[in-house]
Every structure is written in C-alpha cells, then in structure tokens.
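Numbering (our numbering), first residue to last: 2 to 209.
No residue lacks a Cβ here, since even glycine has one placed at the ideal position from N, Cα and C.
It should be emphasised that the depicted structure is a prediction, and the values quoted were computed from it without experimental measurement.
These notes are about the structure you will find just below.
Shown next, in the form of structure tokens:
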C-alpha cells in the first residue's frame, strides 16, 4: 500500500468518525428540544377552577392564580430542586415592591426571568410583603408559560358575569337602533286627494 493510499484511508476513518460524532450531537440536541417542549407544555397547562381567585386590589376585578398552585406547577413540571425564586423588597409611600427573579434549570442550563411585584399597604405589613412576593412570582412564572390563559384575559374572575351575555345585549340594542333609523328614513306615501277635491264645477250659463 502506497503512502497516498494510507493517507486516504486515514482521512476516510477521520471523516467517518467526525460524521458519527456530529450525528450523535444532533440527536442529543433534538432530545434536548423535546425535553424543553415537554416542560413548556407541562408549565402552560390550564389550572382547575379551584386555582382561580378574584383580585380587586386595583379597583377592578381581575383573575389571579393562588400562589400554591403556581409553586405546585413548578415542582411538577421542572422538579423541586430545579428552580429557585428570590429578590429584594423595597418599601414605598403607598406599598411594597418586590423585584424577583425566577430561575429554572432545564437540560442542565439555567434560565432567568425577572419580574416586579407590587402590593398596596395593608393593616398587616407582613401581608403586604407576602402579596408583593406572590405578585412577582406570578408574573415571572407567566414568562415561562404558567397561567397563559389568565394573562391573556381568557379566564373570567370567579362570580363575574359572562362576556357573551354582554355582547349579545349590545348586538340586540344595535339591531333595534338600526331598525328605528331605517323606519325614519323610509319616505311616507303621499295621500291622493279625494274625488270631490279634483272635480271641477261647470260654469252656469245665464238665460238671456
């Protein structure tokens, strides 16, 4: 075997080994993507009705998710030891702000999402801190898909009137108004004069 043949054989071996390594790497990347997609689907599942509560702290009704349900969702989807949440509190004149960061470890890689939480002053300062902390956790978790339908406004607050009823009423009122306008715009038929109004009187000739 010549030196050129030996060299070509070594190159072929190296190419085959490199191709195999690339193939294995691609398979590994595909498996990672599948695991990430599975985690996202687990995080973004809808919650049971018992998880939802009405939040009227901002002067109007909103739907929120109870904090323990969010914690449970993170535990189930990612694993108890694969996520952490922490941050700092800051008091204001009217309440408390909590700047939190939620860290999830997926496929051995850490992913961070920051979110501010706020709560207005309450009688018990501890409750104010707790509400700000929970608000921050909810917002940070939503960036991973948790409670997607709630943050999209697709879940009505418990006890709220369904939107479909309001829309139906608006359509009915609009239809009635349209009918009235149409009636106003319809020209009124002109009344024909009676026969005695159109009859002409023949002149009377005087006798000479």
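Beta-carbon contacts of residue i that lie in its chain and below 7 Å, excluding the five residues immediately before and after
{"i": "residue 196", "result": "Legend: pLDDT at residue 196 = 44, less than 50; position of this residue unreliable, value from coordinates given subsequently. None."}
{"i": "residue 120", "result": "96, 97, 129, 132, 133 and 136"}
{"i": "residue 122", "result": "95, 96 and 129"}
{"i": "residue 15", "result": "none"}
{"i": "residue 66", "result": "48, 52, 53, 139, 148 and 151"}
{"i": "residue 156", "result": "53, 64 and 150"}
Three-state class that DSSP yields for residue i in the structure shown
{"i": "residue 105", "result": "strand"}
{"i": "residue 70", "result": "helix"}
{"i": "residue 40", "result": "helix"}
{"i": "residue 3", "result": "coil"}
{"i": "residue 127", "result": "helix"}
{"i": "residue 51", "result": "helix"}
{"i": "residue 56", "result": "strand"}
{"i": "residue 65", "result": "strand"}
{"i": "residue 14", "result": "helix"}
{"i": "residue 155", "result": "coil"}
{"i": "residue 205", "result": "The predicted position of residue 205 is uncertain, since its pLDDT is 47 and thus under 50; a value taken from the coordinates is nonetheless stated next. Correct three-state label for residue 205: coil."}
{"i": "residue 148", "result": "coil"}
{"i": "residue 161", "result": "coil"}
{"i": "residue 45", "result": "coil"}
{"i": "residue 9", "result": "helix"}
{"i": "residue 135", "result": "helix"}
{"i": "residue 173", "result": "Since pLDDT at residue 173 reaches only 45, below the 50 mark, its modelled position is unreliable, and no value is offered."}
Chain B contact for residue i (CB, 8 Å cutoff)
{"i": "residue 156", "result": "Within the model displayed, chain B is absent; a lone protein chain is all it includes."}
Residue i vs residue j beta-carbon contact at 8 Å
{"i": "residue 148", "j": "residue 48", "result": "yes"}
{"i": "residue 98", "j": "residue 133", "result": "yes"}
{"i": "residue 45", "j": "residue 146", "result": "yes"}
{"i": "residue 158", "j": "residue 64", "result": "yes"}
{"i": "residue 161", "j": "residue 25", "result": "no"}
Beta-carbon contacts of residue i that lie in its chain and below 8 Å, excluding the five residues immediately before and after
{"i": "residue 33", "result": "108"}
{"i": "residue 167", "result": "Interpretation of residue 167 is limited by its pLDDT of 41, a score under 50 that renders its predicted location unreliable; no figure is taken from the coordinates."}
{"i": "residue 91", "result": "97, 98, 99 and 100"}
Own chain, CB closer than 6 Å to residue i, minus 5 neighbours either side, in chain order
{"i": "residue 113", "result": "102 and 104"}
{"i": "residue 89", "result": "100"}
{"i": "residue 79", "result": "105"}
{"i": "residue 75", "result": "84"}
{"i": "residue 207", "result": "With a pLDDT of 45 at residue 207, under the threshold of 50, the predicted position of this residue should be treated as unreliable, and no value is reported."}
Per DSSP, the bridge partner or partners of residue i
{"i": "residue 90", "result": "99"}
{"i": "residue 112", "result": "105"}
{"i": "residue 1", "result": "Within the shown structure, residues of the chain are numbered from 2 to 209, placing residue 1 beyond reach of any answer."}
{"i": "residue 119", "result": "98"}
Is it a yes or a no for the region 131-143 touching the region 102-121, going by three-plus beta-carbon pairs under 8 Å? Flag = yes, the region 131-143 and the region 102-121 touch.
Specify whether the region 54-72 and the region 33-43 touch according to this definition: at least 3 beta carbon pairs, one from each stretch, less than 8 Å apart. Fewer than three pairs of CB atoms, one per stretch, sit closer than 8 Å, so the region 54-72 makes no contact with the region 33-43.
Is there contact between the region 43-57 and the region 146-161, where contact requires at least three CB pairs shorter than 8 Å? Touching, per the Cβ criterion.
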